[in-house]
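Protein chains in written order, with UniProt numbering: chain H, 1 to 332; chain W, 1 to 332.
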């Protein structure tokens, strides 16, 4: 295992120290393991909290800031955070208008966020939950009942975050987040596996001429293992899966993310984006907004995930609203 | 070789198609292989042009936009662009106040930009050149006479770009760029090699327990090959080399970049940043601004480069000025 770390045991704590040092606009509670905006709660505003295992950076800590999340709860690498973290986050950022938990659909995360919601309720904090389950590759998987939550998380956090910033109430913020999730689909292909610091060896084996089709963000098995294909074929089979699950018609507007899994050079993501753009153009489906880069990663895994959100005018307007976080920033 | 590409021959063209599709604020001349701002030349403003081999994305195309570059000339992977590209760029973006070529110190780039400067001169375009040579690891290397140009390029492009935006003349823009380069030092360590599409195999071999200390951005040999060390030791030996070359005293202000070489998970870059912050704090040297992420990469190489610029008040103010490019955006 070759990693730029001090020790497998200290990765999360060391990284949080780095986040704290690098971003004065964030506050990092290294004991509770909660990242919040430095300014404290937004009084009268709904607060968005997300979290999950580490190893997917910039998700979620890189999306804390005005216009997006109020708090992130990082677990150990590929391990759910615990309810106490989420409770501490809720207590830290609740501005009196309640908190929204944005939860990727993995059994551990779902269970722990549910317990945290009960604890926060006992504490007098109103909680709504948005469950993200956008990955069309498989139903039920290693760590999931139902579909896995992946790239749509970025869209949910951005768009619901913008609505919260505008002063919408808890039900409205939760509702737009659920609508974004319902309108989004993702599919990923891995060219290599990744290695968690604790395991010290790759999570699965792929031959030099193979790829994992429909892989999960922890390297969970997908639909099939295939011979490596050109970017055009990888994109086509991914978008075929997405379009089969949610048909899109000529004139539909979308937000599209071409996301690197951590070890893919940016030049290759642009090669993939060219294929995506051609696929959409052939069908007359519009890409109204796009992201190309590393937004939800799987450590150093090579590969790409595609996320497509069928966006209405409200979603696009909220997408364009100012955001100021370490990993996503515009208009601010 | 596992790459998300269509063919080794078409990588650059395919990626440029993706850049064009993803970024409506950019104009991509796919024939001349020049990326410019979509709005055309900035009349009366000095125009900044950079370029170099591809494989270092987001450098340079990702830094084209208001507040930074006017044009980028991408060569094939790890191969200098040709003078015709730079001339086409100069003709496309010259707003009547001259153009600045920002050139990383590699023999091919230097020669080709020199020829382009002559051609542009013949065409009546005034040209000034900023040579970037910030890598303290080695003097003379595989493709370089003198020091290699690496991470300081990002600082030069940002700071000189901001001054050009304010209406400074050609001499002033060139002068601040040269001062930023003179005030900057870099050092990189590779944990793995990278593979160019054309070669199809890694540029060098590193054993499972080895790292290349002082590596160049094309995988050029560094100072030594060592046993893999913890992040704290890797950062200390890199900063020792930087501080030995340019002593920094308590109270000095700096801009620091912790840059991933393409295959390093972001969580590890934050582990490294924590070590950098501690090293600076021990010496009382201030990190006034920082970047943590992938800004000048070597395809999928795992490893990190550190760049430190001893910044004066003017440099910091120009750093903070609005910038709106695909890879660097704030205040806009």
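Built from N, CA and C at the ideal position, the CB exists for glycine as well.
Could you check the C-alpha separation between residue 161 of chain H and residue 18 of chain W for me, to the nearest Å? Translated into the one-based positions of the first chain, residue 161 of chain H becomes position 161. Translated into the one-based positions of the second chain, residue 18 of chain W becomes position 18. About 29 Å.
Can you tell me whether residue 234 of chain W is helix, strand or coil according to DSSP? Position 234 of the second chain holds residue 234 of chain W. DSSP places residue 234 of chain W within a helical segment (H, G or I) once states are collapsed to three.
Less than 8 Å between the beta carbons of residue 83 of chain H and residue 48 of chain H, yes or no? If you number the first chain from 1, residue 83 of chain H lands on position 83. If you number the first chain from 1, residue 48 of chain H lands on position 48. Not closer than 8 Å, so no.
Is the region 250–266 of chain H close to the region 308–315 of chain H, with three or more CB pairs under 8 Å? yes
For residue 330 of chain W, would you say it is in contact with chain H, using Cβ-to-Cβ distances shorter than 8 Å as the test? The residue labelled residue 330 of chain W in the question sits at position 330 within the second chain. So, interface residue.
Nearest chain W C-beta to residue 181 of chain H closer than 8 Å, yes or no? Along the first chain, read from residue 1 onward, the residue named residue 181 of chain H stands at position 181. Residue 181 of chain H does not count as touching chain W.
Short of 7 Å Cβ to Cβ, which residues in the region 47–67 of chain W face chain H? 54, 55, 57 and 58
Using C-beta distances below 6 Å, list every residue in its chain close to residue 218 of chain H, excluding the 5 sequence neighbours before and after it, in chain order. Numbered from 1 along the first chain, position 218 holds the residue referred to as residue 218 of chain H. Excluding residues within five positions, the ones whose Cβ falls inside 6 Å are 78.
Assign residue 224 of chain H to one of two classes, buried (16 or more other C-beta atoms within 10 Å of its C-beta) or exposed (fewer than that). Mapped onto the first chain, residue 224 of chain H falls at position 224. Residue 224 of chain H comes out exposed.
8 Å is my cut-off, CB to CB: does residue 306 of chain H come that close to chain W? Looking up residue 306 of chain H in the first chain gives position 306. Judged by the 8 Å Cβ criterion, residue 306 of chain H is not in contact with chain W.
Option nearest residue 36 of chain H by Cα separation, candidates H:91, H:2, H:15 and H:10: Taking the first chain and counting its residues from 1, one reaches residue 36 of chain H at position 36. That would be H:91, whose Cα lies nearest to the Cα of residue 36 of chain H.
Quick one: using the 10 Å Cβ neighbour count with 16 as the cut-off for buried, is residue 31 of chain W buried or exposed? Here residue 31 of chain W is taken as the residue at index 31 of the second chain, counted from 1. That one is exposed.
Just how far apart, CA to CA, sit residue 128 of chain W and residue 98 of chain W? Indexing the second chain from 1 puts residue 128 of chain W at position 128. Indexing the second chain from 1 puts residue 98 of chain W at position 98. Residue 128 of chain W and residue 98 of chain W have their alpha carbons spaced roughly 8 Å apart.
Select from the region 227–252 of chain W all residues with a C-beta closer than 8 Å to any C-beta belonging to chain H, and list them in chain order. 228, 230, 231, 232 and 234
Mind checking whether residue 325 of chain H and residue 64 of chain H have CB atoms under 8 Å apart? Counting from 1 along the first chain, the entry for residue 325 of chain H is found at position 325. Counting from 1 along the first chain, the entry for residue 64 of chain H is found at position 64. Yes, the Cβ-Cβ distance between residue 325 of chain H and residue 64 of chain H is below 8 Å.
Three-state class that DSSP yields for residue 252 of chain W in the structure shown: By 1-based counting over the second chain, the position of residue 252 of chain W is 252. It is coil, neither helix nor strand.
Beta-ladder partner(s) of residue 227 of chain W, from DSSP: Locating residue 227 of chain W in the second chain gives position 227, counting from the first residue. In the DSSP output, where bridge partners are listed per residue, residue 227 of chain W has W:210.
Three-state secondary structure assigned by DSSP to residue 135 of chain W: Stepping through the second chain from its first residue, residue 135 of chain W is reached at position 135. Reduced to three states, the DSSP call for residue 135 of chain W is strand.
Put residue 221 of chain W into one of helix, strand or coil per three-state DSSP. Stepping through the second chain from its first residue, residue 221 of chain W is reached at position 221. Residue state, collapsed to three classes: coil.
Cβ-based burial, residue 133 of chain W [other Cβ within 10 Å; buried from 16]: On the second chain, residue 133 of chain W is found 133 positions in, with the first residue counted as 1. With 16 or more other Cβ atoms within 10 Å, it is buried.
Taking the CB atoms as reference points, tell me whether residue 142 of chain W and residue 102 of chain W lie closer together than 8 Å. Mapped onto the second chain, residue 142 of chain W falls at position 142. Mapped onto the second chain, residue 102 of chain W falls at position 102. Against a cut-off of 8 Å, the Cβ pair of residue 102 of chain W and residue 142 of chain W comes out as no contact.
Can you name, in chain order, every residue of its own chain whose Cβ lies under 8 Å from the Cβ of residue 211 of chain W, other than the five neighbours on each side? Start at 1 with the first residue of the second chain, and residue 211 of chain W comes out as number 211. So the list reads 189, 190, 191, 225, 226, 227, 228, 229, 234 and 303, once near-sequence residues are dropped.
Kindly indicate which residue of H:116, H:220 and H:248 has the alpha-carbon position closest to the one of residue 286 of chain H. Your numbering for residue 286 of chain H matches position 286 in the first chain. It is H:248 whose Cα lies nearest to the Cα of residue 286 of chain H.
Cβ of residue 265 of chain H within 8 Å of any chain W Cβ: Sequence index remark: in the first chain, residue 265 of chain H carries index 265 (1-based). With 8 Å as the cut-off, residue 265 of chain H counts as an interface residue toward chain W.
Can you look up residue 287 of chain W in the DSSP assignment and give me helix, strand or coil? For this step, residue 287 of chain W is matched to residue 287 along the second chain. Strand.
With distances taken Cα to Cα, identify the nearest neighbour of residue 14 of chain H among W:86, W:327, W:264 and W:274. Start at 1 with the first residue of the first chain, and residue 14 of chain H comes out as number 14. Of the candidates W:86, W:327, W:264 and W:274, the one whose C-alpha sits nearest the C-alpha of residue 14 of chain H is W:274.
In this structure, how does DSSP classify residue 348 of chain W when only helix, strand and coil are distinguished? Chain W is shown from 1 up to 332; residue 348 of chain W falls before or after that span and cannot be answered.
Through-space distance from residue 221 of chain W to residue 147 of chain W, alpha-carbon basis: Position 147 of the second chain, counted from the first residue, corresponds to residue 147 of chain W. Position 221 of the second chain, counted from the first residue, corresponds to residue 221 of chain W. Taking the straight line joining both Cα atoms gives about 13 Å.
Segments assigned beta strand (DSSP E), at least 3 residues, entirely inside the region 145–195 of chain W: 184–190
When the cut-off is 8 Å and only beta carbons count, does residue 17 of chain W lie next to chain H? For the purposes of this step, residue 17 of chain W is taken as residue 17 along the second chain, with counting starting at 1. Yes - at least one Cβ of chain H is within 8 Å of the one on residue 17 of chain W.
So, for residue 12 of chain H: in the same chain, excluding its five sequence neighbours on each side, which residues have a beta-carbon less than 6 Å away from its beta-carbon? As a first step, residue 12 of chain H must be located in the first chain, where it is residue number 12. The residues are 54 and 76.
For residue 137 of chain H versus residue 204 of chain H, is the C-beta distance shorter than 8 Å? As a working note, residue 137 of chain H is residue 137 in the first chain. As a working note, residue 204 of chain H is residue 204 in the first chain. Annotated as distal: residue 137 of chain H and residue 204 of chain H, with beta-carbon spacing of 8 Å or more.
Curious, which full-length beta strand (DSSP E) runs of at least 3 residues does the region 35–74 of chain W contain? Runs found: 47–54.
In the structure shown, what three-state DSSP assignment does residue 121 of chain H receive? By 1-based counting over the first chain, the position of residue 121 of chain H is 121. Helix at residue 121 of chain H.
Tell me, please, whether the CB atom of residue 259 of chain W is closer than 8 Å to any CB atom in chain H? Counting from one through the second chain, the residue named residue 259 of chain W turns up at place 259. No, residue 259 of chain W does not count as interfacial toward chain H.
Positions along the region 189–200 of chain W whose CB lies within less than 7 Å of some CB in chain H: 191 and 192
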